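In what follows, a single structure is set out as structure tokens and then discussed.
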Amino acid sequence: DLNRAQRRFLSAIAEHVTVLVGAPKTYSEGFSHDGTLLPEFWQELEIGIDSKRIHVRSTAAEAAEELAVQLAALGDSYSVQDITIGIPDPTIVPVLQESLANNGMELRYGPGSPVTSSPPLRLIDTIVEYVSQGSIESFNRLIRIPNVQNWLAHQLSSGEDQEAIRPESLLTLLDEYQGATLIRTVNQVEWPEAPGKMIFHRALEAIDHWLKPLKTTKQTLEEWSGPLREAISTIYEGEFVRLDDHEGNLYTRAGVEITQVIELLKAIPSNLDSPVTLAEAYTWILGQLDSIHIPPLTQANSIEMLGWLDLAMDDTAVLILTGMHDGVVPESVNGDAFLPNQLRSLLGLMDNARRYARDCYALLTMLHTREELQIVMNQLSVDGDLQTPSRLLLSVAKDDLAKRVKWLLTPVPLQQDKRVETIWIPKRGQSNIPIPFPDPSHHVRDMAVTDFKKYSQCPYRFYLSRIAKAKAFEHERLELDGGRFGDLIHECLESLRDPDLHSSTDANTITESLTGELKRLARSKFGVQPPPAVQIQLEQAERRLQAFAPLQAARAREGWRIKHIEFKVSKSDGIQLDLTEGRSMILHGRIDRIDYNPREGLFAIWDYKTGDQTTKPRENHLRQNKTWQDWQLPLYGQLIRMLRIEDLSRVRFGYILLPRNPQETEFAFAHFSEDELKAAIESAKEIALRVHRGEFWPPTYKASNSYDDYNAITQLPVTR
957 DLNRAQRRFL
967 SAIAEHVTVL
977 VGAPKTYSEG
987 FSHDGTLLPE
997 FWQELEIGID
1007 SKRIHVRSTA
1017 AEAAEELAVQ
1027 LAALGDSYSV
1037 QDITIGIPDP
1047 TIVPVLQESL
1057 ANNGMELRYG
1067 PGSPVTSSPP
1077 LRLIDTIVEY
1087 VSQGSIESFN
1097 RLIRIPNVQN
1107 WLAHQLSSGE
1117 DQEAIRPESL
1127 LTLLDEYQGA
1137 TLIRTVNQVE
1147 WPEAPGKMIF
1157 HRALEAIDHW
1167 LKPLKTTKQT
1177 LEEWSGPLRE
1187 AISTIYEGEF
1197 VRLDDHEGNL
1207 YTRAGVEITQ
1217 VIELLKAIPS
1227 NLDSPVTLAE
1237 AYTWILGQLD
1247 SIHIPPLTQA
1257 NSIEMLGWLD
1267 LAMDDTAVLI
1277 LTGMHDGVVP
1287 ESVNGDAFLP
1297 NQLRSLLGLM
1307 DNARRYARDC
1317 YALLTMLHTR
1327 EELQIVMNQL
1337 SVDGDLQTPS
1347 RLLLSVAKDD
1357 LAKRVKWLLT
1367 PVPLQQDKRV
1377 ETIWIPKRGQ
1387 SNIPIPFPDP
1397 SHHVRDMAVT
1407 DFKKYSQCPY
1417 RFYLSRIAKA
1427 KAFEHERLEL
1437 DGGRFGDLIH
1447 ECLESLRDPD
1457 LHSSTDANTI
1467 TESLTGELKR
1477 LARSKFGVQP
1487 PPAVQIQLEQ
1497 AERRLQAFAP
1507 LQAARAREGW
1517 RIKHIEFKVS
1527 KSDGIQLDLT
1537 EGRSMILHGR
1547 IDRIDYNPRE
1557 GLFAIWDYKT
1567 GDQTTKPREN
1577 HLRQNKTWQD
1587 WQLPLYGQLI
1597 RMLRIEDLSR
1607 VRFGYILLPR
1617 NPQETEFAFA
1627 HFSEDELKAA
1637 IESAKEIALR
1647 VHRGEFWPPT
1657 YKASNSYDDY
1667 NAITQLPVTR
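Written out as structure tokens, the structure reads:
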């Protein structure tokens, strides 16, 4: 496949040139005098591939499993050195390597991985993004690079008065401050107060000092070379890698290539070296590295994978082709704005006809020179897009074309082949990873009033949250979750501790006080630049407080006075449930609000509810069949014994509802009878006894949802 200049050179010395063509004489009309292909001959040529050699599967993962089946079918007839995997489409390489690694086979991709995807270049990419944007997303990506994480932990631990910070703990410390403040940029006008502020500031100062030389508006490419090299060497200095393993090879080879390109920045003539931004300098570096790949280390027992253009010259006995899809083989270039296909043909440049001829000849060469040739196809790409079979596979006799099309468009379900010995073969739709069993050595002797519902929903999830302290953490939150939104409103309502305010019968006075407290808290928690979503949530909270104020004023007019806000009962206060078998369970908790009406001699025990939807307290606690599903309010009746309130006939329990719809704001009583309260306590004792015994298994799933923090541990999404 020579270009026009090469062919002219050969013509000039034709008497000294011998042309060898690898094809039967019957194909002589397909070659010119210099051995190059004549495109017209190959366009309608039939390629006799038996359909039984073509194995069509649905997904890339299934195609990888089929590849394992085909390799297993070879048995002991061939060694790994006799086998080549053809890779026209390199996007499937990671899928094949991962799948066959599970099957105990190692694949080596000869072209290797691009330098642009290597860890050192990803470091530069993230640095440029952070310096250019200063967003919290770019900050998080930077500190999550393992080498940066290790370096930063060392920087924060240096100094006589500094405690050592482990790299694995650093992210949690930094994420906690972000989660509390929801900051969206590291260029804050005013930093909100929250736990972790100091460590976050120190981390930011260390990173800014490290990258300060790069925070320049514009420099020449030569001037950028020094700061870039220094920034990279700071992170990798003192790091040890093994040159004989894959990761070490990737780091060292990529480092050499990147260093050479950075050094080239110095060689640019000064009259051509105009000032550019860091991002523009990085774009130039990327352009120099874009075509460079790092070949993997040679492994004695690995099966070689080769790209399409190398396969015709490969001499192994067995070839298994993958990725034979149109647009890949043959490659087709259409719609070029400057060199459309017809103009390419007139200029003698590579066009679609020449590409087809080249690939047709290559496939025929493979068919005629291999002892075994199989083709494995996947209808869907790695990204899940539908793919069209290669036109080369449709080059059959007209009478067979319909059958071939049907064959190529009908993926066959993958059948598990027992010849494929795998390290780990899960059943379809089921995981063999065991769910961690509860540790029987942990004993629970105290429970919060909210624990009873959690245990009722799933004993194992109760164990994970309460005993194992397993907690999901989501960084880069854009808004307050339901719990933190409720906490914000709770904190605003704590201002009702003021006797003048909670006894006020003027709704406007209450509104002004509560909304003023909301603004103060928002400024303290989120600074002067809350994220847009939080600004909307603050407006929603303000509307809920405005709807609450008239009802609070009406309660004051009825003679109700707030006696306690956030009344806390600790473990040490000695409130307990007496259980059977001589056991007991200590109760503790926090009551949002306790009111008293001296006119009627009644107490009201309230729990604030700020969920979007309203759920009345009675329906939330008692099912229609009179069984209990929540014990919070009845157990509050036990906690108020701390206040020497024993006669529950003088106590009313309920919710103060502050939902999304202001019209549904309400002081809602549960209206429990004395018998119902007694039944609730007996039911709670049964739960407490099971907790006391350590009964936390098995998990239950009926009350779980897709937002459950423990889905991964309990394997809820897995079909069992």
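In the numbering used here, the protein residues as written are 957 to 1676. The beta-carbon is built from N, C-alpha and C at its ideal position, and this holds for glycine as well. Since the model is a prediction, treat every value here as computed from it, not as a measurement.
Item	Value
Best match in R1616, L1130, L1444, V1084 for proximity to Q1105 [C-alpha to C-alpha]	L1130
Counterpart residues of D1631 in DSSP-defined beta bridges	Bridge partners of D1631: none, in fact.
Inter-residue Cα distance where the pair is E985 and I1276	29 angstroms
Reduced DSSP secondary structure (H/G/I, E/B, other) of R1579	coil
T974 burial status per 10 Å Cβ neighbour count (16 or more: buried)	exposed
Rounded straight-line distance, which links the Cα of K1409 to that of L1501	28 angstroms
Residues of its chain near R1422, where Cβ-Cβ distance is below 8 angstroms and the 5 sequence neighbours each way are ignored	V1400, D1407, K1410
Q1175 burial status per 10 Å Cβ neighbour count (16 or more: buried)	buried
Cβ neighbour criterion (16 or more within 10 Å) applied to D1534	exposed
Supposed close pair M1333, V1012 - CB separation, criterion 8 angstroms	5 angstroms
Residue range of the beta strand (DSSP E) that includes N1553	1540 to 1553
4-residue-minimum alpha helix (DSSP H) runs that sit fully inside the region 1187 to 1273, ordered along the chain	1202 to 1220, 1234 to 1245, 1264 to 1267
Cβ neighbour criterion (16 or more within 10 Å) applied to S1526	exposed
One or two residues paired with I1005 in a DSSP bridge	Per DSSP, none; premise fails for I1005.
Residue closest to T1173, alpha-carbon to alpha-carbon, out of G1204, L1234, L1127	L1234
Given I1389 as reference, the closest of L1079, T1670, S1091 once Cα atoms are compared	T1670
Cross-strand partners of F935 (DSSP beta bridge)	Residue 935 is absent from the model: the chain starts at 957 and stops at 1676.
Same chain, Cβ closer than 8 angstroms to S967, five either side skipped, listed in chain order	D990
Cβ-based burial, L1108 [other Cβ within 10 Å; buried from 16]	buried
Inter-residue spacing [alpha-carbon to alpha-carbon] between P1618 and Y1564	15 angstroms
Beta-carbon proximity list for R1158, same chain, < 6 angstroms, skipping 5 on both sides	L1112
Proximity test, R1513 beta-carbon vs the ligand FAD heavy atom, cut-off 7 angstroms	The ligand content of the structure shown is nil, which means the ligand FAD is not present either.
Nearest residue (CA-CA) to G1557, options R1606, A1509, E1000	R1606
Cβ neighbours of L1323 in the same chain (closer than 8 angstroms, five flanking residues each side left out)	I1003, G1004, I1005, L1329
Which residues DSSP lists as bridging L1533, in chain order	M1541
Whether V1721 touches L1245 by CB criterion (8 angstroms)	Outside the shown range of the chain, which is 957 to 1676, sits residue 1721, and nothing can be said about it.
Which listed residue (F1418, I1643, F1393, I1466) has its alpha carbon closest to that of D1665	F1418
Per DSSP, the bridge partner or partners of N1334	R1013
Cβ contact (3+ pairs, closer than 8 angstroms) linking the region 1541 to 1559 and the region 1577 to 1586	no
First through last residue of the beta strand (DSSP E) which encompasses R1513	Looking at the DSSP string, R1513 is not in any beta strand (DSSP E); the run it does join, the alpha helix (DSSP H), is 1488 to 1513.
Burial state of N1059, where buried means 16 or more other Cβ atoms lie within 10 Å	buried
According to DSSP, residues forming a beta bridge with P1070	H1249
Burial state of T1467, where buried means 16 or more other Cβ atoms lie within 10 Å	buried
7 angstroms CB neighbourhood of V1087 in its chain, flanking five on each side removed	L1167, L1170, K1171, L1234
Start-to-end residues for the beta strand (DSSP E) that takes in G1042	1039 to 1043
With 16 other Cβ atoms within 10 Å as the buried cut-off, status of M1269	exposed
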